[in-house]
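In my numbering, the protein residues as written are 1 to 195.
Glycine is no exception: its CB is placed at the ideal position from the N, C-alpha and C atoms.
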DNA sequence: GTTGCGATGCGCT
DNA sequence: GCGCATCGCAACA
């Protein structure tokens, strides 16, 4: 199947081009301000690094599809699938600015407007995205991605957030100076519980 | 602004 | 069983 031509290139090229794009679900729209690249077969930090499983299956499909996963027992995170079929790459949507449907987004989340979609799980919450949206084609329907020619600002790059594997790769991209970009927190070593 | 830590359930070894 | 592409809250600066 065709996929989405603008998203077919290498993930490191495509990821920064998603900055400034708009993800809309129903009446809520978010302008993306921070994203992170995952390059399946060569990336120890990627869900697809160890091959295809039930969870990561949509990463192996056509570009322009949403990959949603559930983590920490309570949070959802959303990615845009990128690259050709069988190259399981994706771009994690880390943060954005709510540009439409503010009332609906506020109803789903507590906190300041700036924080509504600041962080990958918050972004999903503000947009009402969950596992039922895994595999959704973003080119049509109720959940859509609209690309932009210009991100609307300078792009910065730096280390990925929250990973223990290959976090040092500078594969996180954000719009310089945007207040909605999530605060950087490196992955912490796990402490073993006593007993 | 920062750091520390518990919540909570599923995917994977 | 272990670990997680996280968050919110408390405490501190």
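Under the three-state DSSP convention, the category residue i falls into
i, result
"residue 36", "strand"
"residue 163", "coil"
"residue 97", "strand"
"residue 7", "helix"
"residue 118", "strand"
"residue 127", "helix"
"residue 58", "helix"
"residue 14", "helix"
"residue 194", "Reliability fails at residue 194, whose pLDDT of 47 lies under 50, so the model's placement of it is uncertain and no value is given."
"residue 169", "coil"
"residue 108", "helix"
"residue 103", "helix"
"residue 149", "coil"
"residue 43", "coil"
Beta-carbon spacing of residue i, residue j below 8 Å
i, j, result
"residue 135", "residue 58", "yes"
"residue 230", "residue 88", "It is not possible to answer for residue 230, since the shown part of the chain is limited to 1 through 195."
"residue 139", "residue 61", "no"
"residue 98", "residue 79", "no"
"residue 233", "residue 100", "For the chain, the structure presents residues 1 to 195; residue 233 sits outside this window and is missing."
"residue 3", "residue 68", "no"
"residue 179", "residue 114", "yes"
"residue 14", "residue 82", "yes"
"residue 32", "residue 143", "no"
"residue 126", "residue 77", "no"
Bridge partners - residue i, DSSP secondary structure assignment
i, result
"residue 174", "34, 156"
"residue 76", "70"
"residue 133", "Bridge partners of residue 133: none, in fact."
"residue 24", "29, 144"
"residue 90", "38, 81"
"residue 65", "137"
Among the options, nearest to residue i - alpha-carbon criterion
i, options, result
"residue 96", "19, 72, 171", "19"
"residue 186", "175, 166, 178", "166"
"residue 164", "43, 130, 147", "43"
"residue 130", "13, 47, 71, 146", "71"
"residue 133", "168, 156, 155, 55", "55"
"residue 23", "169, 188, 183, 124", "124"
"residue 118", "74, 183, 155", "183"
"residue 128", "146, 103, 112, 5", "103"
(request) Could you tell me whether the stretch 30-45 touches the stretch 159-168, using the rule of 3 or more Cβ pairs below 8 Å? (result) yes
(request) Count the CB pairs spanning the stretch 104-113 and the stretch 139-152 that are closer than 8 Å, and state whether there are at least three. (result) no
(message) Counting beta carbon pairs with one atom in the stretch 167-174 and one in the stretch 8-23, are three or more of them shorter than 8 Å?
(response) yes
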